[in-house]
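Taking mature numbering (1 follows the signal peptide of the UniProt record, and there is no 0), I'd label the letters of the sequence shown as residues -32 to -1, 1 to 491.
Beta carbons are placed, not taken as given, at the ideal position from N, Cα and C, and that holds for glycine.
Input: a single structure, listed below in structure tokens.
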Amino acid sequence: MGLPYINSRRWRALGLLAATAAVTAVGAPAVAAPVTGEIRLAGAPDAVPGSYIVVLRDSAFGAADAGDRKRMVADRARELVRGHAGTVGRTYSAGLTGFETKLSEAAARRLAADPSVAYVEQNQRGVGTGGTQAGPPSWGLDRIDEPSRPADGVYTYPNKAGTVHAYVIDSGIRTTHADFGGRASSGFDAVDGTGTDCQGHGTHVAGTVGGKTYGVAKSVRLVSVRVLNCDNTTTTADTLAGVDWVTANAVKPAVANMSIGFRSGSTTVDAAVARSIASGVTYAVSGGNATTDACAQSPARVPEAITVGATTSTDARAAFSNYGTCLDLFAPGNAIVSAGRASDTASATMNGTSMAAPHVAGAAALILAENPTFTPAQVRSRLVAGATSGVVTSAGTGSPNLLLRVDGALRNPYTPVEACGSGYRVLASRPLATSAGSLRGRVYLLHNSSNANHCVVTMKATSLGTATEVAAYLEVQGSARRTDSGAFSYYAGPVRAAAGGKCIKWGGSTSGIAYDSPFERCA
């Protein structure tokens, strides 16, 4: 039996549509596959699935001020993600130009090909890398002010760094701890907004940077920048948010301590830290605890940062410490006692390059207190030049054999005898110090027995390497005073004269502080 008429029409129509479709398919060009780009660190061991950092090209934002730039980045992030069924998380406009997003891998690859995008990186997890003070509670303080062992049981420091801010990018700080004396505050929290240290890592680090008992810089202003959670882990996105905040808000002179490591490396973290350093913040970062090349880890591999390996109390590289050419120096990092989170008087003992880096951050603060206009590169150079050389055993392939030395980093590279010349010896000296006891320099009187000449030189103790006003003078009774004064980097003088049995008057000044002797030494 034949098909009903209506069905015959339907099948004829369907046949026509099929034929038309076939002709169209043959005659039309093939639809191009979506253009895609690379996702950096895709599938890394610590990758956060479905989460990415999109870095935008700076050229798209011109010379916009901070507020406009922040709005422009947020607007561009929404525009880019809108067509990819994704969401925008954090945005970055100071330490990095970009944003965090959650979307599919395919969509992320399409975003990576957008002309306004510099690159896309998979979000990943990182971890925390684990005056005079008699009888310091931690051997680390006792070690860093001396060129060699054994330690003398005293930590001697040139100042307390009260004019410097230290940003602790970590798990938070127990700001009420007695060792901080009201100097600690919460600046930013990328985790839950509370600023609470529920882990203890950050409080310990802060204590080493600037605790009055446990710290290198006794009066530094401590600011918590929380990016580590209660299990001592973080993500690229949260870390970038912390660095971005420091870059935008740091009060100079400033140091930052970053005892955090991403074992697969992170271009975005590296770039954000480098930009933060370029803004004028000196960064001390941990070298890592994997007994491997520090150059594999971020931010340890950032050239502009001060990257720190860990030593034991015997000056050996700690068994866990990373090594290699990306280290700048070593510092104490094994069995370090510092502030604890359990109570306002608690202490804790921890190991790690996390504990070594804050020794260096504190030392950097001391340098900035004396030299507030120093760039991060100048601070780094001063620390490296002042470090004790050749004492670290088993330093590791490629490692610099340099151990942090606080007074080495701050001492004048010249001596009075070098200034006056061969044959002179020091007869007397007088400190040039503030009413609070902060040493600014010292004026010296020297004598050369071979030619009976006296010599006066004023040695600076602050603003070393920077030209500041310094003066030295020597006056023989009955003769005109001889003076050397001006803007000098290290010392004023030498001023020389033969007294010939007459009384002499000598003195000098620096930083507005002067010493003037009476007429003396008349024999």
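Cβ contact annotation for Phe487 (same chain, cutoff 6 Å, sequence separation greater than five): Gln445, Cys471 and Lys473, in chain order.
Arg142 sits in coil when the DSSP states are folded into three classes, being neither helix nor strand. In the structure shown, Leu79 falls within a helical segment according to DSSP collapsed to helix, strand and coil. Here the segment 140 to 154 does not lie against the segment 224 to 244, with fewer than 3 beta-carbon pairs under 8 Å apart. With a cut-off of 8 Å on Cβ pairs, the segment 127 to 140 is not in contact with the segment 343 to 352, counting fewer than three such pairs. Taking the Cα of Val122 as reference, the smallest distance to any Cα among Ala465, Cys166, Ala303 and Val184 is reached at Val184.
The continuous stretches of alpha helix (DSSP H) do not include Ser153, which lies in the beta strand (DSSP E) extending over residues Ala152 to Asp157. Scanning its chain for C-beta atoms nearer than 6 Å, with the 5 sequence neighbours on each side dropped, one finds around Ala363 the residues Arg285 and Asn369, in chain order. Under the three-state reduction of DSSP, Thr293 is assigned to coil, being neither helix nor strand.
Shown here, Phe487 sits in coil according to DSSP, grouped into three states, outside any helix or strand.
Looking only at Cys490, Val88, Gly255 and Gly292, the smallest Cα-Cα distance to Gly469 is reached by Cys490.
Close CB contacts of Ser406 within its chain, under the 6 Å cut and outside five residues either way in sequence, are with Asn127 (chain order). The count of Cβ pairs closer than 8 Å, one atom from the segment 154 to 173 and one from the segment 75 to 95, stays below three, leaving the stretches out of contact.
Exposure of Gly389 is indicated by the presence of fewer than 16 other C-beta atoms within 10 angstroms of its C-beta. Burial state of Glu68 is buried, judged by a 10 Å Cβ sphere holding 16 or more other Cβ atoms. Secondary structure at Gly57: strand, using DSSP grouped into helix, strand and coil. Around the beta carbon of Thr356, a 10 Å sphere encloses 16 or more other beta carbons of the protein chains shown; the residue is thus reported as buried. For Met323, the closest alpha carbon among the candidates Thr280, Ala129 and Ala466 is that of Thr280.
Between Ile112 and Leu372 the beta-carbon gap is near 5 Å, inside 8 Å, which marks them as a contact.
Per the DSSP secondary-structure output, Thr201 pairs in a beta bridge with Val95. Assignment of Ser19 by DSSP, reduced to helix, strand and coil, places it in the strand class. Excluding sequence positions up to five before and after Gly256, its CB lies within less than 7 Å of the CB of Thr97, Gly229, Ala262, Gln265, Ala268, Asn290 and Thr321, all in the same chain and listed in chain order. As a beta-bridge residue in DSSP terms, Asp261 pairs with Tyr291. When DSSP reads this structure, Pro399 sits in a beta bridge with Arg410.
Ala337 and Ala80 have their alpha carbons spaced roughly 44 Å apart.
Residue pairing of Gly454 in beta bridges, as defined by DSSP: Val438.
Taking Thr365 as reference, the option from Thr260, Lys428, Ser306 and Leu48 with the minimal CA-CA separation is Thr260. DSSP, reduced to helix, strand and coil, places Glu6 outside both helices and strands of the structure shown, so it counts as coil. Here the alpha carbon of Gly163 sits roughly 7 Å from the alpha carbon of Ile141.
Counting only residues of its own chain and dropping the five nearest sequence neighbours on each side, Gly475 has a CB closer than 7 Å to the CB of Val411, Tyr441, Ala482, Tyr483, Asp484 and Ser485. Across the structure, Ala62 and His327 are spaced so that their CA atoms are roughly 27 Å apart. In the assembly as shown, Ser403 is an exposed residue. Its beta-carbon has fewer than 16 other beta-carbons within 10 Å. With contacts defined as CB atoms closer than 8 Å, Tyr125 and Leu351 fail to qualify as a contacting pair.
Between Val276 and Ala299, the C-beta gap is smaller than 8 Å, which places the two residues in contact.
Just so you know, the alpha carbons of Gly233 and Ser431 end up roughly 37 Å apart.
Glu114 counts as buried, since at least 16 other C-beta atoms from the protein chains shown sit within 10 angstroms of its C-beta.
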